[in-house]
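Enquirer: If you scroll down you'll find the structure; I have some questions about it.
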Amino acid sequence: MIINRISKFFIILFLLHGSLATGQIGISDRINEENDRGPSPEAIEQAALKELARENYYGAMRYYKILIKADPLNAKALKGYGEAAIKYAAFDSALVAFRTLVDHGLTSPDGEPIMRLAEVYYQLGQYEEARALFRRYLFE
20 MIINRISKFF
30 IILFLLHGSL
40 ATGQIGISDR
50 INEENDRGPS
60 PEAIEQAALK
70 ELARENYYGA
80 MRYYKILIKA
90 DPLNAKALKG
100 YGEAAIKYAA
110 FDSALVAFRT
120 LVDHGLTSPD
130 GEPIMRLAEV
140 YYQLGQYEEA
150 RALFRRYLFE
């Protein structure tokens, strides 16, 4: 009787092991799912604006950085990144953002990116560059 129970136990164990080895336990069937899609640029921008509203400037910079990585000449993202960097006192990062805007002619009609770039140069102690940009701002 004991031998009969032991043999049944090993048969069940063998069948169970065989089904586990051939089956896909724990792996779902992902047919027709879009696994490689991330959030839209609009959703990322909204997240950045929420972080700005919470005065989490570093968090906003991270979201804007994602947008800039996707499109290096996204004027709205560069401006947002630069503004958040100024408020976070990351003037080197703000310098790169505003310089990209000015160098590629992505300035607004009022020339605000030129003025902001001049302010960043001033904060960094580069007074000659700041002076030249303030003059350029005044004459445009």
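Residue numbers (our numbering): 20 to 159.
Even for Gly, the Cβ is constructed at its ideal location relative to N, Cα and C.
Predicted model only: the values in this text are computed from it and were never measured.
How would you label K88, buried or exposed, when you count the other beta carbons within 10 angstroms and need 16 or more for buried?
Expert: The residue given as residue 88 occupies position 69 in the sequence shown. Residue burial is scored here from C-beta neighbours: K88 has fewer than 16 other C-beta atoms within 10 angstroms and is therefore classed as exposed.
Enquirer: For Q145, does the three-state DSSP call read helix, strand or coil?
Expert: Your numbering for residue 145 matches position 126 in the sequence shown. It is coil, neither helix nor strand.
Enquirer: Give me the Cα-Cα distance between I46 and G57, rounded to the nearest whole angstrom.
Expert: To locate residue 46, count along the sequence shown from 1; it is residue 27. To locate residue 57, count along the sequence shown from 1; it is residue 38. Low local confidence applies: a pLDDT of 48 at I46 is under 50, so the model's placement there is unreliable, with the coordinate-based value given in what follows. A straight line joining the alpha-carbon of I46 with that of G57 spans about 22 Å.
Enquirer: Would the beta-carbon of G101 fall within 7 Å of that of A113?
Expert: Start at 1 with the first residue of the sequence shown, and residue 101 comes out as number 82. Start at 1 with the first residue of the sequence shown, and residue 113 comes out as number 94. In this structure, A113 lies closer than 7 Å to G101 by Cβ.
Enquirer: Work out the CA separation of M134 and F153 for me, nearest whole Å.
Expert: Taking the sequence shown and counting its residues from 1, the one referred to as residue 153 is at position 134. Taking the sequence shown and counting its residues from 1, the one referred to as residue 134 is at position 115. Those two C-alpha atoms are separated by around 6 Å.
Enquirer: Does the separation of the CB atoms of A103 and Y76 fall below 7 Å?
Expert: Numbered from 1 along the sequence shown, position 84 holds the residue referred to as residue 103. Numbered from 1 along the sequence shown, position 57 holds the residue referred to as residue 76. Cβ atoms of A103 and Y76: closer than 7 Å.
Enquirer: With DSSP as the reference, label D90 as helix, strand or coil.
Expert: Within the sequence shown, the letter at position 71 stands for residue 90. Three-state DSSP puts D90 in coil, outside helix and strand.
Enquirer: Assign P132 to buried or exposed, taking buried as 16 or more other Cβ atoms, counted over all protein chains shown, within 10 Å of its Cβ.
Expert: Residue mapping note: residue 132 aligns to position 113 of the sequence shown, counting from 1. So P132 ends up on the buried side.
Enquirer: Counting C-beta neighbours from all protein chains within 10 Å, is the total for G124 16 or more, i.e. buried, or is it exposed?
Expert: On the sequence shown, residue 124 is found 105 positions in, with the first residue counted as 1. It counts as exposed.
Enquirer: Among L97, L157, A149, which has the Cα closest to the Cα of D129?
Expert: For this step, residue 129 is matched to residue 110 along the sequence shown. Ranking L97, L157, A149 by Cα distance to D129 puts L157 first.
Enquirer: Within 10 Å of its beta-carbon, does E61 have 16 or more other beta-carbons around it, so buried, or fewer, so exposed?
Expert: To locate residue 61, count along the sequence shown from 1; it is residue 42. Exposed, because fewer than 16 other Cβ atoms sit within 10 Å of the Cβ of E61.
Enquirer: Suppose you measure from the CA of L68 to the CA of A151; what does that come to, to the nearest Å?
Expert: By 1-based counting over the sequence shown, the position of residue 68 is 49. By 1-based counting over the sequence shown, the position of residue 151 is 132. In this structure, the CA atom of L68 is about 32 Å from the CA atom of A151.
Enquirer: Please list, in chain order, all residues of the same chain as H126 whose beta carbon is under 7 Å from its beta carbon, the five residues on each side excluded.
Expert: For the purposes of this step, residue 126 is taken as residue 107 along the sequence shown, with counting starting at 1. According to the sequence shown, residue 126 is Thr rather than His. Excluding the 5 residues flanking it on each side, T126 has same chain C-beta neighbours closer than 7 Å at L120, P132, I133, in chain order.
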